[in-house]
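Residue numbers (the working numbering): 2 to 114. Just so you know, even glycine gets a beta-carbon here, dropped at the ideal spot from N, CA and C.
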Amino acid sequence: MARIKHVEIAGRDGGLLRDFYSSVFGWEIESRDVGGFEYFEIETENMSTAGIRHEPEGKAEIVVYFEVEDLEEAVERAESSGASVRIPPMEYGDLRFALIEDPEGNPIGLTEA
Numbered sequence: 002m003a004r005i006k007h008v009e010i011a012g013r014d015g016g017l018l019r020d021f022y023s024s025v026f027g028w029e030i031e032s033r034d035v036g037g038f039e040y041f042e043i044e045t046e047n048m049s050t051a052g053i054r055h056e057p058e059g060k061a062e063i064v065v066y067f068e069v070e071d072l073e074e075a076v077e078r079a080e081s082s083g084a085s086v087r088i089p090p091m092e093y094g095d096l097r098f099a100l101i102e103d104p105e106g107n108p109i110g111l112t113e114a
């Protein structure tokens with residue numbers, strides 16, 4: 002059974018979102034370079050991991066990532082159930098992930114356990 006692994010908040014101004022969430026919730030937010038763009042990691046006691054993604058040309062969205070046993074199988078099941086694939090399964094360092102959209106266009110992230 003999949004479990005929630007990561008939450009990602011995206012918007013055109015990552016710094017603005019960083020300042021907003023830090024101010025509102027008192028979160029410690031660390032900046033790091035991820036493949037040439039700035040990513041903000043949120044550290045809290047109540048969540049394993051969360052981040053803020055700078056998306057200058059994109060739309061604002063919140064992505065919940067679910068951890069699954071078999072990434073390719075989960076993507077295939079999602080597609081056969083009406084999802085579309087935004088980012089096919091790929092590796093980033095030691096992380097394997099994919100990004101899909103449900104039939105209504107809501108983004109869903111998948112990571113492999």
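Would you please state the rounded distance, in angstroms, between the beta carbons of T50 and H7? I believe it to be under 8 Å. 5 Å
Please return the same chain residues whose Cβ sits closer than 6 Å to the Cβ of I63, not counting the five positions on each side in sequence. I10
Starting from the Cα of G36, find the closest Cα among G94, G110 and E102 and give me that residue. G94
Using CA coordinates, which residue listed in F38, I30, D34 and E73 is at the minimum distance from G52? I30
Rounded to whole angstroms, what's the CA-CA distance from R33 to E56? Just pull it up for me. 15 Å
Are the Cβ atoms of Y40 and R19 separated by less than 8 Å? no
If you draw a straight line from the alpha carbon of I109 to that of E68, how long is it in whole angstroms? 11 Å
Nearest-angstrom Cα separation, counted from L72 out to F98: 7 Å
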